[in-house]
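Participant: After the structure tokens below, expect a handful of questions from me.
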Amino acid sequence: MSQQITISASTGTGPFSVYVCDTTLTTCNLITTTATIPPNVQFSLSGAFATVTSVIIKVVDSLGCEVFHQYQCPQIGRAHV
556 MSQQITISAS TGTGPFSVYV CDTTLTTCNL ITTTATIPPN VQFSLSGAFA TVTSVIIKVV
616 DSLGCEVFHQ YQCPQIGRAH V
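With the working numbering, letter number 19 in the sequence shown gets 574, and the count goes up by one each step, no holes.
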């Protein structure tokens, strides 16, 4: 079951670039670039991020200001080995 993430607001000056990153900020994937937030930015974790328990959402505004938010993924539907 993939994790769904919704970003409903952000401060700063648009447009915004939204990334999903690992917890070390070593790997970041661009999710979207949008003029404003809202409207909501909604996406599912996939690929290498589909099985992690925590990610960092990074939002960069047009002035280069970065905002980070750590997201703890729910454990529902995960197999434990």
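We put the CB at the ideal spot given by N, CA and C, even for glycine.
Would you call the stretch 623-630 and the stretch 586-594 in contact, with 3 or more CB pairs under 8 Å?
Facilitator: No, because fewer than three Cβ pairs between the stretch 623-630 and the stretch 586-594 fall closer than 8 Å, the two stretches do not touch.
Participant: Thinking C-alpha only, which one of Q559, G567, I611, Q558 is nearest P593?
Facilitator: For the purposes of this step, residue 593 is taken as residue 38 along the sequence shown, with counting starting at 1. Checked all of Q559, G567, I611, Q558; the closest Cα to P593 is G567.
Participant: For Q627, is the classification buried or exposed, using 16 other Cβ atoms within 10 angstroms of its Cβ as the cut-off for buried?
Facilitator: Position 72 of the sequence shown holds residue 627. When all chains shown are included, Q627 counts as exposed.
Participant: Per DSSP, what are the beta-bridge partners of Q559 in this structure?
Facilitator: Taking the sequence shown and counting its residues from 1, the one referred to as residue 559 is at position 4. The partner list for Q559 (beta bridge, DSSP) reads S599.
Participant: What is the rounded straight-line gap between the Cα of V596 and the Cα of T561?
Facilitator: As a working note, residue 596 is residue 41 in the sequence shown. As a working note, residue 561 is residue 6 in the sequence shown. About 6 Å.
Participant: Kindly list the residues whose CB is nearer than 7 Å to the CB of L585, restricted to its own chain and excluding five residues on each side of it in sequence; keep chain order.
Facilitator: Stepping through the sequence shown from its first residue, residue 585 is reached at position 30. S572, Y574.
Participant: If we count the other Cβ atoms within 10 Å of its Cβ and call it buried at 16 or more, is L600 buried or exposed?
Facilitator: Locating residue 600 in the sequence shown gives position 45, counting from the first residue. It counts as buried.
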